[in-house]
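> My questions all concern the structure below.
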Amino acid sequence: MKKTNNLIKYLTGLLTVVGMRLIPHPPNVEPIMSTMMPFSKKWGWLSGMLFCLISVVLFDVLSGIIGVWTLVTAGTYSLVGAFSGLYFKNRESKIKNYVKFSIIATIFYDAVTGIGMGMLFFNQSFITTFLGQIPFTLYHLTGNILLAIIVSPALYKRVVNNPNFETNQVFNKILPVFQKNTNR
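Okay, so the sequence shown: first residue is 1290 according to our numbering, each after it adds one.
Shown next, in the form of structure tokens:
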């Protein structure tokens, strides 16, 4: 993430994701993946990994649900974020690439967190867990595909790749306002 010059962009993404997740919404329809993909496209695997880790942990802390599940979801989503950076390394910021990755990553994430953890934490059989996971994964896929079509390319163009959102540009616009108010 080129030092701190993109800090405003990154914080905008994180605060948007956490804020949106705090608003009631359909199950398994959330903006982490669609927001993380443009960041990992621009700044690589570490950026994607940290974005996922921070957004999951921050949400769980703010909503008071931090626990073992936080470790599982944050760890799994961090892997998804790292893989996203590798996937997008030589790919364009195009809808088809966002959709392809979101399908693969959603199935991976739901297999680990839904099927794997359902069997481990709740001692369920594979077939019971698998069948029970299908509707949730369909919600998750639908949400991630729609958000990959709408949010990811727009976010990449309007925030991530926008020089007006660079930290120095934002402070150059804000500081004169504060300086005027303190000179009175």
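All residues carry an ideal CB built from backbone N, CA and C; glycine is no exception.
Keep in mind the model is a prediction, meaning the values are calculated, not measured.
Rounded to a whole number of angstroms, what is the C-alpha to C-alpha distance between V1449 and N1379?
17 Å
> To the nearest angstrom, report how far apart E1381 and N1412 are at their CA atoms.
43 Å
> Going by the CB atoms, is the gap between V1345 and T1359 shorter than 9 Å?
A distance below 9 Å separates the beta carbons of T1359 and V1345.
> Can you name the start and end residues of the alpha helix (DSSP H) that N1386 belongs to?
I1384 to D1399
> For T1301, which residues of its own chain have a beta-carbon under 8 Å away from its beta-carbon, when the five flanking residues on both sides are left out?
So the list reads V1448 and F1454, once near-sequence residues are dropped.
> Considering just the uninterrupted stretch of the alpha helix (DSSP H) at N1433, what are its terminal residues?
F1415 to L1444
> Using DSSP with H/G/I as helix, E/B as strand and the rest coil, what is R1380?
coil
> Buried or exposed: P1327, going by 16 or more other Cβ atoms within 10 Å of its Cβ?
It is buried - the Cβ of P1327 has at least 16 other Cβ atoms within 10 Å.
> Please report the straight-line C-alpha distance between L1368 and I1463, rounded to a whole angstrom.
36 Å
> In its own chain, which residues sit with a C-beta less than 7 Å from the C-beta of Y1398, not counting the 5 before and 5 after it?
T1365, Y1366 and V1369
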